[in-house]
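Accompanying notes for the structure given below.
There are 4 protein chains.
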Amino acid sequence: MKEEQAIHRERLSGVFAPLTTPFDDRGNILLEQMASNVQKLNGSGLRGYLVLGTNGEFRSLSTSEQMEVLRTVAKAASPDKVIMAGTGAESTKVSVDLCFQAAEAGARYGSLITPFFFAKKMSDHALINHFVQIAEESPIPVLLYNNPGVTGITMSTSVVKEVSSHPKIVGMKDSSPGNLSAYILSAQSGFYLLAGSANFFFTGLLMGAVGGVLSLADAFPEPCCRLYELGAGGKIEEGRGLQFYLMKINQMVSGKFGVAGVKAAMDFAGFYGGPTRAPLAPLTTDEKKKLREDLAAVGFLKE
Amino acid sequence: MKEEQAIHRERLSGVFAPLTTPFDDRGNILLEQMASNVQKLNGSGLRGYLVLGTNGEFRSLSTSEQMEVLRTVAKAASPDKVIMAGTGAESTKVSVDLCFQAAEAGARYGSLITPFFFAKKMSDHALINHFVQIAEESPIPVLLYNNPGVTGITMSTSVVKEVSSHPKIVGMKDSSPGNLSAYILSAQSGFYLLAGSANFFFTGLLMGAVGGVLSLADAFPEPCCRLYELGAGGKIEEGRGLQFYLMKINQMVSGKFGVAGVKAAMDFAGFYGGPTRAPLAPLTTDEKKKLREDLAAVGFLKE
Amino acid sequence: MKEEQAIHRERLSGVFAPLTTPFDDRGNILLEQMASNVQKLNGSGLRGYLVLGTNGEFRSLSTSEQMEVLRTVAKAASPDKVIMAGTGAESTKVSVDLCFQAAEAGARYGSLITPFFFAKKMSDHALINHFVQIAEESPIPVLLYNNPGVTGITMSTSVVKEVSSHPKIVGMKDSSPGNLSAYILSAQSGFYLLAGSANFFFTGLLMGAVGGVLSLADAFPEPCCRLYELGAGGKIEEGRGLQFYLMKINQMVSGKFGVAGVKAAMDFAGFYGGPTRAPLAPLTTDEKKKLREDLAAVGFLKE
Amino acid sequence: MKEEQAIHRERLSGVFAPLTTPFDDRGNILLEQMASNVQKLNGSGLRGYLVLGTNGEFRSLSTSEQMEVLRTVAKAASPDKVIMAGTGAESTKVSVDLCFQAAEAGARYGSLITPFFFAKKMSDHALINHFVQIAEESPIPVLLYNNPGVTGITMSTSVVKEVSSHPKIVGMKDSSPGNLSAYILSAQSGFYLLAGSANFFFTGLLMGAVGGVLSLADAFPEPCCRLYELGAGGKIEEGRGLQFYLMKINQMVSGKFGVAGVKAAMDFAGFYGGPTRAPLAPLTTDEKKKLREDLAAVGFLKE
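Residue numbers (my numbering), protein chains in the order written: chain L, 35 to 337; chain G, 35 to 337; chain W, 35 to 337; chain S, 35 to 337.
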C-alpha cells in the first residue's frame, strides 16, 4: 500500500499540461496537429498530460471523438509522460464506462469532474457514493476534479476527507479559488493535490500540493516547470517573483480569454492552437493582435 | 410559410409530458416499462411527449442509450402524439449530429438546451450563431429550451427576438421563473412559447403561450389538460382555482424533490417511475411514504 | 378583526408609486422638488406612495435624511393617499426604532426588506422571529418586502405562511421573478400581495394580488392605474395588450437603467427626477437622449 | 511621501482583531464589556483593532450606537494599538460623513466596504469614483474592504491598480477566497494588503501581505501573532504547521458559525462574547457545548 502511494506521488509530482483539442475552422478535429503538439511538449520537463479536460473542450466532443483524441495523445506521448484523461460524466454508470474506454485508449488516471446537471441535488452523500463507486469499478485509479467556476459546486472538505482514504482515489485537481490549503488539510495520507491554476501554484506547493495542471504549460511549459522546482524547493524570494510574473501572463491569457486565449498563446509559441469549437468563440483578429503585443510588452514573447 | 406556422402552432398547442427514463436499481434502462408508460399516456388528452429532457435525465445517459429510449417512445406513441427530443449538446456540431440521430429515431422536433459548460462565454452572439446554425443543418425544426436553474444562463429577449424569425426555430420551452411574458413580447410571428412548469402554466396561457411541458403530466395528465383548456379559453375563476391546486401538488412533487419526486408520483399513479440514476438519488422510503400521505391529504390520491 | 382586514385591503388595493428621492448634482436632497413631485401625483388615481424604498435610494441616505424625506412626503400628500415607508434595517432592534420614527413622521405602514448583510444566516426561523417581533413592537402595521435581486434571499413560502396570520403583518410587496402566485397560495386570510414590478402586475392581479408598487408610476401613473382596473376587472384581452405595452416601456426604463432610468423618465414626464446619489450613476447625456427617442418611438412620449 | 508610506506600513504590519460588539440578551450594547475586552487584548502582541467591521455587526447598529462603540474602544485601547473603523456606507456622501465622525471618535483609519445595495450597477468606474472621493474628503486615510461573500462584488484588480496610487488610500483588507496575490500584484507602491481570514494568512504573508484582520484573534490573539512572525520571517515548515492548525480552529469557529461562533470562542477564552443581535442567531446551547468539545479535542482549549 505505502509503496503504491509512493508510486502515485511520484507520478503526480510536477506540472501537467491540460492539452487543448485542435480544430479546423469548421470544428473538425485535427489529429495530426494533436500529435505534433504532444511531440513538441515531450521534450519539456512536464510530468504529463491531462487529456479531455476543460481546456480540451471535452464536453464539446462526442464520446467517440474523445477516444480518438486520447488514443492520439497516448501514441504520441513519450513513455515518461503520465497521461490522465477526463472521464467524469453526469452519471456514475457512464463515468465508469468512460474509465474503461479511457484505460483502453491509454490513460493511466481518470479525472472525475463533479456531476453538475442536477447541481442542487449533489449532496455530499451523493458525491461520495459517485466517486467511490467509480473507483471501485474503474480499471484505473482516479482523481477528483473540483472546478466550481464551471460546475457551481464547491467540493466540501467532508467529501475529500471521506473519499481520500480510498486506495484508488489518489488525488484531486483543484481549480477553486482559495480552498487548496483546506483540501490538503482534510486529505488523508496517499491523496495528492494538484493546483488547477498558475494563480496559486507556488503557494499551493509551499502548503503541500505535489504539482499543478496549468493551462499556461500548453504554450509555455518551461517557466511552469521552473516554478514547480522553486515551490517544491521552498525558494520563497525567487519563487514569489516568478509566481507574480506567470500570474500576470496567466491573467492576460486564460483569465481574460479562457480556452480561446490558451489556444492563441499556443499559436504564438509555435504550437497549433487554432480556433475553439462553436459556440465557444475564438479570439478576434484584434484581440489576438492585442494579446501578442501585451505578452511582448512584458517580455514574454519577442515581437 | 404562414401555413407551416399554422401547422407548428397546432402541433405545439396543448400539454406535453416530459417523459422520465425508467431504470432498475442498478441504473439499467428498462425499455419495456418505457413503452408501457407511453401506452398508458396515449389514452390521455396530452398533445405529445418530450423525450430526453431534464426529467428524462438525458445527460445521465450515453448517446446510444438516448437513441434507444427515443426509438422506444416513438414506436409506442400513438400517431396523434407529437414527439420532441432533447438534442442540445455543448457544441453546435454535436447538437446537429443529435438532431440527425433523433430525426431518424422518430422525433418531430429537437429541443435545444442552452450550452452551459462555458457559461460565462455564452454571449448573445454565440448563442444566436449556435441556434441558427443547428436550425440550418438539422433535418427537423427545433425549439429553444431555457432553463436557468440548470444552466445558469437566462436567455436574453434579444436572442429570442433574433432567432424567432427563423423558419426552423419554431418555439421555446421556458422554465425560467418569471420571464415567459417577456419572451412572448419579444418573439416574432410563428414562434410559440411553452410553459416549462405547472407553476405558471395558467398565467402563461392567458398571456399567449400555446402550451406547456409539465412534469406533473407524467403522472397526472388529465388535470393538466383541463388546466390547458381553462387557460386557452380564458376562464379566469375556474382556472385560477385549478392552477392553485396543481401548483400545490407540483410544489410537493417536483418543487421539493425534482425528478425523483416525479418518479415517485408516477409510481403512485400506476406508471413505472422507479429510481433515478446515480448519483441522483431516489426518494427514501420515508420520503415516499410522506409524499403519498401529503398527496392524499389534499385529495389528490386515495390513501 | 375581519373589519380591520377589510380596511387594510381597501388601503392596499391599487397602484403605489415608489417615490424617488430628488438630489442636486452634489448629492444634496431637494425637499421642495420632493414635495412638488408628490403634489403633481396627488391628482392621479394612485392609491398611495411608498417612501424610502429601493427607488428612493433609502440605504444611500442617513437616518435623519430618511425622516426628512418622509415628513416632506407626508405633508405634501393628499389625505386619500396611503403612505408606506421603508423601515427595514439589518437588525430587529433598529427596524423597530425606524418604525417608530416613520410612524411619527407620517407613515401608515412600514415596509420591511429582508435583512441580508448576513444573508447565509437568515434561516426561515430567523426571519420569522424578525418580522414577528417588529410587528409586535411597531406602532404601525407592516408589510414584508421580498426583493431577491437585491438581497440574494428569496422569501420562502413557509415564512409567508407563518407570518401572514399575524394581525399586524398585513401583506407583502413581491419583487421576485415568478413567485407571486406561490405567495398568494401560501398566504393566510388578511394578507395582501402587491406586485413589485409592472412586468407581472396584470397576471398578478388575475391571480389575486390586490395592487402593485410600480416604478413606472413615478413618471406615468395613469396607464398603471388603468392596468390595475383591467386586471382587477378580469379584462383579459385589453389587459394583456396594455400589460405588454407597459412591460416594453418598463424594460427600457427600469429594466435597463434601474433607479437612474426611472429618474430620467420622470424628467421627461414633467417631474423632477434628477441625478442619483453617488456611487450610483445617473444616465449619461447620450443614454438619456436615446431613452427619450426610444420612448417616443413606441408612442409613449411626444418627441 | 515615502516617509508617510513607511509610517502606514509600520502601522498596518501585524495582526488586527476585528472586535465584536457585546450585547445583552435583548440586543442592548454593553459598553463596559466592550472596554473590558479591549483592555484584555491590550496586553497581547496585536497590532491593533478593527472596530465596526463584519464581526462587529456594524450594519446591525444605528449610527449613534456605532460611534458609542468606537469611542469606547478608542478610550480603552492602549496607545500602541492602531484603531481602524468601518466607515463604508451605501453612498459616498454618508461614507464621508462617517469618516468624519469616526475620526472624531478616535479612529486612525477608515475601512470602506464596497457599496452593494445596487451591486449590479457598481462598475469599476463607479467604485473608483466612490473610493477616491471619500479619500479626498475624509480627515483620515482609508483602506478598501473586499468581502464578496457579503457584498456579492469581487473588487477588480483594475480598481486596486487605479486607486492604490492615491496617497490617502493606503491598503485593503481582502476577505475574498483566493485573490490576495492578484491584488498584491496589481497594487502600486505604498498600498498594503491585509489578509481578511486566518485561512490564507500565512501564504498571504509569504506573497507580500503585511498583516491580517483575523476573527480568531478576538479570542486567541497570541497564536495569530505567532503565525504573523513565522510568515513575515519566511519560516515555511513551522509556519505551515501552525497555519494548518489555526485553519482547523478557524473552520470550527468562524467558518461554521460566523460571528456567533467567534463570540462563543471569546466566551471560552475569558472574554465577553455573548449573543449576536437579532435576527442573527447565537449558538444554541448544544452547538456551544459541541464547539467547546471540538476545540478541546484538538488541544486548543482545556476541557
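The beta-carbon is built from N, C-alpha and C at its ideal position, and this holds for glycine as well.
Next item on the list: Report the option in S/G122, S/A123, S/V85 whose CA atom is closest to the CA atom of S/R105.
Entry: Position 71 of the fourth sequence, counted from the first residue, corresponds to residue 105 of chain S. Cα-wise, what sits closest to S/R105 is S/V85.
Check: Are the C-beta of G/F278 and some C-beta of chain W separated by less than 7 Å?
Finding: The residue given as residue 278 of chain G occupies position 244 in the second sequence. Yes, G/F278 counts as interfacial toward chain W.
Item checked: Where S/T126 meets chain W, residues with beta-carbon distance less than 8 Å -> The count along the fourth sequence starts at 1 and reaches residue 126 of chain S at position 92. In chain order: G61, R311, A312, P313.
Notebook entry, point to check: Along chain S, in chain order, which residues have C-beta atoms closer than 7 Å to that of W/D158?
Noted result: Numbered from 1 along the third sequence, position 124 holds the residue referred to as residue 158 of chain W. Within 7 Å Cβ-Cβ: nothing; W/D158 doesn't reach chain S, min ~11 Å.
Notebook entry, point to check: Is the beta carbon of L/V293 less than 7 Å from the beta carbon of L/N89?
Noted result: Against the first sequence, residue 293 of chain L aligns to sequence position 259. Against the first sequence, residue 89 of chain L aligns to sequence position 55. Yes, these two residues count as a Cβ contact at 7 Å.
Margin query: Give me the subset of the stretch 267-294 of chain W whose CB atoms are less than 7 Å from a CB atom of chain S, sorted by chain position.
Written below: G292
Note to self: Checking 7 Å against the spacing of the C-beta atoms, do W/L132 and W/V176 come in under that value?
What the structure shows: For the purposes of this step, residue 132 of chain W is taken as residue 98 along the third sequence, with counting starting at 1. For the purposes of this step, residue 176 of chain W is taken as residue 142 along the third sequence, with counting starting at 1. Their beta carbons are not under 7 Å apart, which means W/L132 does not touch W/V176 by this criterion.
Note to self: For W/V247 and W/A111, I'd like the C-alpha separation in whole angstroms.
What the structure shows: Translated into the one-based positions of the third sequence, residue 247 of chain W becomes position 213. Translated into the one-based positions of the third sequence, residue 111 of chain W becomes position 77. Straight-line Cα distance between these residues: approximately 17 Å.
Check: Does G/L219 come within less than 7 Å of chain W when only Cβ atoms are used?
Finding: On the second sequence, position 185 is the one that residue 219 of chain G refers to. It does: the Cβ of G/L219 has a partner Cβ on chain W nearer than 7 Å.
Check: What first and last residue would you give for the alpha helix (DSSP H) that runs through W/S205?
Finding: Position 171 of the third sequence holds residue 205 of chain W. Checking the displayed sequence, the identity of residue 205 of chain W turns out to be Gly instead of Ser. Segment 203-208 is the beta strand (DSSP E) holding W/G205; no alpha helix (DSSP H) there.
Next item on the list: Flag W/P149 as yes if its beta-carbon sits less than 7 Å from any beta-carbon of chain S, otherwise no.
Entry: Here residue 149 of chain W is taken as the residue at index 115 of the third sequence, counted from 1. W/P149 counts as touching chain S.
Margin query: Assuming contact is defined by CB atoms lying nearer than 7 Å, are S/S199 and S/Q222 in contact in what I supplied?
Written below: To locate residue 199 of chain S, count along the fourth sequence from 1; it is residue 165. To locate residue 222 of chain S, count along the fourth sequence from 1; it is residue 188. Yes. Within cutoff.
Margin query: I'd like to check one pair, S/E272 with S/L347: are the Cβ atoms closer than 7 Å?
Written below: Outside the shown range of chain S (35 to 337) lies residue 347 of chain S, about which nothing can therefore be said.
Check: What's the gap between the Cα of L/I63 and the Cα of L/G308?
Finding: Against the first sequence, residue 63 of chain L aligns to sequence position 29. Against the first sequence, residue 308 of chain L aligns to sequence position 274. Going from the Cα of L/I63 to the Cα of L/G308 covers about 11 Å.
Item checked: Limits of the beta strand (DSSP E) - the one that W/N213 falls within -> If you number the third sequence from 1, residue 213 of chain W lands on position 179. From DSSP, W/N213 is part of no beta strand (DSSP E); its letter is neither H nor E.
Notebook entry, point to check: In three-state DSSP terms, what is W/S47?
Noted result: Locating residue 47 of chain W in the third sequence gives position 13, counting from the first residue. Residue state, collapsed to three classes: coil.
Item checked: Span separating the alpha-carbon of L/F150 from that of W/V103 -> The residue labelled residue 150 of chain L in the question sits at position 116 within the first sequence. The residue labelled residue 103 of chain W in the question sits at position 69 within the third sequence. C-alpha separation (whole angstroms): 49 Å.
Check: Per DSSP, which one or two residues make a beta bridge with L/G246?
Finding: As a working mapping, residue 246 of chain L is identified with position 212 in the first sequence. L/V49, L/A229.
Next item on the list: Could you list which residues in chain W have their beta carbon closer than 8 Å to that of G/L250, in chain order?
Entry: Here residue 250 of chain G refers to the residue found at position 216 of the second sequence. Result: empty, since nearest Cβ-Cβ is about 15 Å, beyond 8 Å.
Next item on the list: Throw me the rounded Cβ distance for the G/V194 and G/Y179 pair, which I believe falls under 8 Å.
Entry: As a position in the second sequence, residue 194 of chain G is number 160, starting the count at 1. As a position in the second sequence, residue 179 of chain G is number 145, starting the count at 1. So it is not a contact: roughly 12 Å between Cβ atoms.
Notebook entry, point to check: When DSSP builds the beta bridges, which residues end up paired with S/M118?
Noted result: Within the fourth sequence, residue 118 of chain S is the residue found at index 84, counting from 1. Beta-bridge pairing links S/M118 to S/L84, S/Y143.
Notebook entry, point to check: From G/A266 to L/Y83, what distance separates their C-alpha atoms?
Noted result: Here residue 266 of chain G refers to the residue found at position 232 when the second sequence is read from its first residue. Here residue 83 of chain L refers to the residue found at position 49 when the first sequence is read from its first residue. So the alpha carbons of these two residues sit roughly 58 Å apart.
Check: Just checking, does the stretch 195-215 of chain S make contact with the stretch 230-242 of chain S on the three C-beta pairs under 8 Å criterion?
Finding: yes
Notebook entry, point to check: Where do the ends of the alpha helix (DSSP H) carrying S/Y262 lie?
Noted result: Position 228 of the fourth sequence, counted from the first residue, corresponds to residue 262 of chain S. Segment 255-266, the alpha helix (DSSP H) holding S/Y262.
Notebook entry, point to check: If we count Cβ pairs, one from each stretch, closer than 8 Å, do we get three or more for the stretch 73-80 of chain G versus the stretch 42-49 of chain G?
Noted result: yes
Checklist line | Residues that DSSP places opposite W/N180 in a beta bridge | finding: As a working note, residue 180 of chain W is residue 146 in the third sequence. W/D208.
Check: Can a CB atom of chain G be found closer than 7 Å to the CB of L/H164?
Finding: As a position in the first sequence, residue 164 of chain L is number 130, starting the count at 1. Interface residue, yes.
Notebook entry, point to check: Are L/S190 and L/D158 touching if we call contact CB-CB under 7 Å?
Noted result: The residue given as residue 190 of chain L occupies position 156 in the first sequence. The residue given as residue 158 of chain L occupies position 124 in the first sequence. Cβ atoms of L/S190 and L/D158: closer than 7 Å.
Item checked: Selected residue, minimal CA-CA separation from G/K322, among G/L314, G/I174, G/A298 -> The residue you call residue 322 of chain G lines up with position 288 of the second sequence. Closest by alpha carbon: G/A298.
Next item on the list: Measure the alpha-carbon distance for G/A137 versus L/D58 and round it to whole angstroms.
Entry: On the second sequence, position 103 is the one that residue 137 of chain G refers to. On the first sequence, position 24 is the one that residue 58 of chain L refers to. The straight-line gap from Cα to Cα measures roughly 27 Å.
Next item on the list: Decide if L/P56 is buried, meaning its Cβ has at least 16 other Cβ atoms within 10 Å, or exposed.
Entry: As a working note, residue 56 of chain L is residue 22 in the first sequence. That one is buried.
Notebook entry, point to check: Going along the chain, which residues of its own chain have a beta-carbon closer than 7 Å to the beta-carbon of W/L261, five neighbours each way excluded?
Noted result: Along the third sequence, read from residue 1 onward, the residue named residue 261 of chain W stands at position 227. Excluding sequence neighbours, W/L261 sits near F235, F236, G273, L276, Q277, L280.
Notebook entry, point to check: With a cut-off of 7 Å, does the C-beta of S/T188 fall near any C-beta of chain L?
Noted result: Counting from one through the fourth sequence, the residue named residue 188 of chain S turns up at place 154. Chain L, which has no Cβ nearer than 7 Å to the Cβ of S/T188, makes this no.
Notebook entry, point to check: How about L/R142: is its C-beta nearer than 7 Å to some C-beta of chain G?
Noted result: Along the first sequence, read from residue 1 onward, the residue named residue 142 of chain L stands at position 108. Judged by the 7 Å Cβ criterion, L/R142 is not in contact with chain G.
Next item on the list: For the alpha helix (DSSP H) holding S/I187, just list the boundary residues, first then last.
Entry: If you number the fourth sequence from 1, residue 187 of chain S lands on position 153. Segment: none, S/I187 is in no alpha helix (DSSP H) and carries neither H nor E.
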